[in-house]
Amino acid sequence: MTQSPPLVTFSGVQKTYDGHILVVRDLNLEIQKGEFLSLLGPSGSGKTTTLMMLAGFESPTAGEISLNSVPITRTPPHKRNFGMVFQNYALFPHMTVADNIAYPLTVRKLGKDERETKVKRALDMVQMGHMGSRYPGQLSGGQQQRVALARALVFDPQLVLMDEPLGALDKQLREHMQIELKALHRRLGVTFVYVTHDQSEALTMSDRVAVFNEGVIQQIDPVEHLYETPANRFVASFVGDNSVLDGTVLHAQGGVCQVQLKDGTRLSGVNVNQAQPGETVQCSVRPERIAVLADPHSHDTANQLDATISDVIYFGDHLRLRCQVPQQPEMSVKVPLHNVGHLEAGQTIRLSIPAEHLRMYR
Numbered sequence: 008m009t010q011s012p013p014l015v016t017f018s019g020v021q022k023t024y025d026g027h028i029l030v031v032r033d034l035n036l037e038i039q040k041g042e043f044l045s046l047l048g049p050s051g052s053g054k055t056t057t058l059m060m061l062a063g064f065e066s067p068t069a070g071e072i073s074l075n076s077v078p079i080t081r082t083p084p085h086k087r088n089f090g091m092v093f094q095n096y097a098l099f100p101h102m103t104v105a106d107n108i109a110y111p112l113t114v115r116k117l118g119k120d121e122r123e124t125k126v127k128r129a130l131d132m133v134q135m136g137h138m139g140s141r142y143p144g145q146l147s148g149g150q151q152q153r154v155a156l157a158r159a160l161v162f163d164p165q166l167v168l169m170d171e172p173l174g175a176l177d178k179q180l181r182e183h184m185q186i187e188l189k190a191l192h193r194r195l196g197v198t199f200v201y202v203t204h205d206q207s208e209a210l211t212m213s214d215r216v217a218v219f220n221e222g223v224i225q226q227i228d229p230v231e232h233l234y235e236t237p238a239n240r241f242v243a244s245f246v247g248d249n250s251v252l253d254g255t256v257l258h259a260q261g262g263v264c265q266v267q268l269k270d271g272t273r274l275s276g277v278n279v280n281q282a283q284p285g286e287t288v289q290c291s292v293r294p295e296r297i298a299v300l301a302d303p304h305s306h307d308t309a310n311q312l313d314a315t316i317s318d319v320i321y322f323g324d325h326l327r328l329r330c331q332v333p334q335q336p337e338m339s340v341k342v343p344l345h346n347v348g349h350l351e352a353g354q355t356i357r358l359s360i361p362a363e364h365l366r367m368y369r
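My numbering puts the first residue of the sequence shown at 8, with every later residue one more than the last.
Rendered as structure tokens:
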């Protein structure tokens, strides 16, 4: 199947505020029509600057941004016809909910009847049909966020840009809104570009995630690929939990290498960045991929190592073991409740790590 042309293209885009430090460096990015793309990264990684350049509130120092193959780098924000949702909602306190939502339509000089029809549809979209006559001060944080979302969607934009829109909500409400936003996106088919520093939020909601660090996209992929096959050490450590072991490469062939840990244990895994024999690498594995062997004396499977439990933490649906391996950082192991024997602090256990899930990074 041939992929349709991208809705948005960043070509060689750079941004500096002081003429020296590049906040965004040589950004090449394509955003597909109808996708939910999250820009994920720590503070100062360039994700918000990228969003603001797309919105038109910031201008690139170099490069070009195009919409449907037409350059928009010098098009002012109000002519880009994008919906925007901010963390602080930016609602007018003296206006009713309905008037807040109608504001973009008023600016576009739509007639009263058409305005009312569109506002009603937008209110229903965010399940607030009965609250049009209230004022923002009478609403909860979650309700205000819904109003801000309705206002961004009311004029049928082809692109909705969101900057940490759920950041001010409490954990339970935030998780609820994530599910609602994703369902709304599916229903409407509008393109969403969403900035967050919360990796679980990005994984929950997005079709694809672009991971930023120091002004550069480290990896852009569908969420499963991003989680299961991180491209480098930064992505592996920033997205999801990781257990890490330090070792030295003994052999490398094809995409596989064998590593020796400081205590002499040998492990095989995926040679992500073509590490060579003699090089020091970081061996990275997701805690849920590590198995606790029922028989500590078993040698049936490869990639085994001994560990001592330092703590057992109950999470409801699983146990989290904090484990010590000689001369290594503390490891975390997730164990499903249904196949757990008796585990306690101080106990020595034998762990097995499937080679296909152990990734070696230079």
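Note that the Cβ used here is the ideal one computed from N, Cα and C, for glycine as well.
These numbers were taken from a predicted model, which means no experiment stands behind them.
Between the options, which lies nearest to residue i when the distance is taken from Cα to Cα?
i    : options                   : result
Y201 : G41, L365 and V30         : G41
N35  : T57, G26 and Q265         : T57
Q94  : L130, H137, A62 and L156  : L156
D318 : T211, F219 and L326       : L326
R369 : V266, Q206 and G144       : V266
K127 : H349, G144, A109 and V114 : A109
S76  : E65, K54, G271 and V15    : V15
E187 : F99, G247, V133 and G144  : V133
Y96  : E37, V277 and P172        : P172
L233 : N220, A209 and V223       : A209
R81  : V92, A62 and F99          : A62
V114 : H101, T315 and H85        : H85
C330 : I320, D324, V342 and A314 : A314
F322 : R122, Q311, K341 and N310 : K341
R215 : D228, L365 and G247       : D228
I360 : L350, P343, S45 and V299  : V299
F219 : P13, D25, G19 and V30     : V30
Just grab the DSSP bridge partners of residue i for me.
i    : result
V319 : L328
S359 : A298 and Q311
L257 : Bridge partners of L257: none, in fact.
L252 : C290
L166 : T198
Excluding the 5 residues preceding and the 5 following residue i in the sequence, name in chain order all residues of the same chain whose CB lies nearer than 6 angstroms to its CB.
i    : result
V197 : V167
T68  : Q21, K22 and T23
M6   : The first residue shown for the chain is 8 and the last is 369, placing residue 6 beyond what the model contains.
G136 : L130
Return the chain-ordered list of same chain residues with a C-beta closer than 7 angstroms to the C-beta of residue i, the five sequence neighbours on each side being excluded.
i    : result
P336 : V251
Q289 : R240, V251, D253 and Y368
V161 : I108, P111, L112, K125, V126 and A129
P284 : V256, L257, H258 and A259
A282 : V256, A259, C264, V288, M367 and R369
DSSP state of residue i, grouped into three classes?
i    : result
M8   : Low per-residue confidence applies at M8: pLDDT is 45, beneath 50, and the placement is therefore not dependable enough to give any value.
I108 : helix
F76  : Per the sequence presented here, residue 76 reads as Ser, with Phe not at that position. Of the three classes helix, strand and coil, the one that applies to S76 here is coil, per DSSP.
A243 : helix
L344 : helix
T272 : coil
H364 : helix
E71  : strand
V161 : coil
Q334 : coil
N278 : strand
G262 : coil
Q21  : strand
Q283 : coil
Q267 : strand
Output needed for residue i: all residues of its chain with C-beta closer than 8 angstroms, excluding positions within five of it in sequence on either side, in chain order.
i    : result
L176 : G148, G149, Q152 and M184
P78  : E71 and I72
E65  : K22, T56 and M59
S275 : V263, C264, Q265, V266, A309, N310, A362 and L365
Please confirm if residue i has its CB atom under 8 angstroms from at least one CB of chain B.
i    : result
L312 : No chain B is present in this structure, which holds just one protein chain.
>> Going residue by residue through the stretch 169–240, where are the continuous beta strand (DSSP E) segments of at least 3 residues, counting only ones entirely within it?
In response: 198–203, 215–220 and 223–229
>> So within the stretch 26–67, which uninterrupted beta strand (DSSP E) runs reach at least 3 residues, ignoring any that extend past its ends?
In response: 29–38 and 43–47
>> What ranges does the alpha helix (DSSP H) occupy inside the stretch 83–159, keeping only unbroken runs of at least 4 residues that lie completely in it?
In response: 104–114 and 119–132
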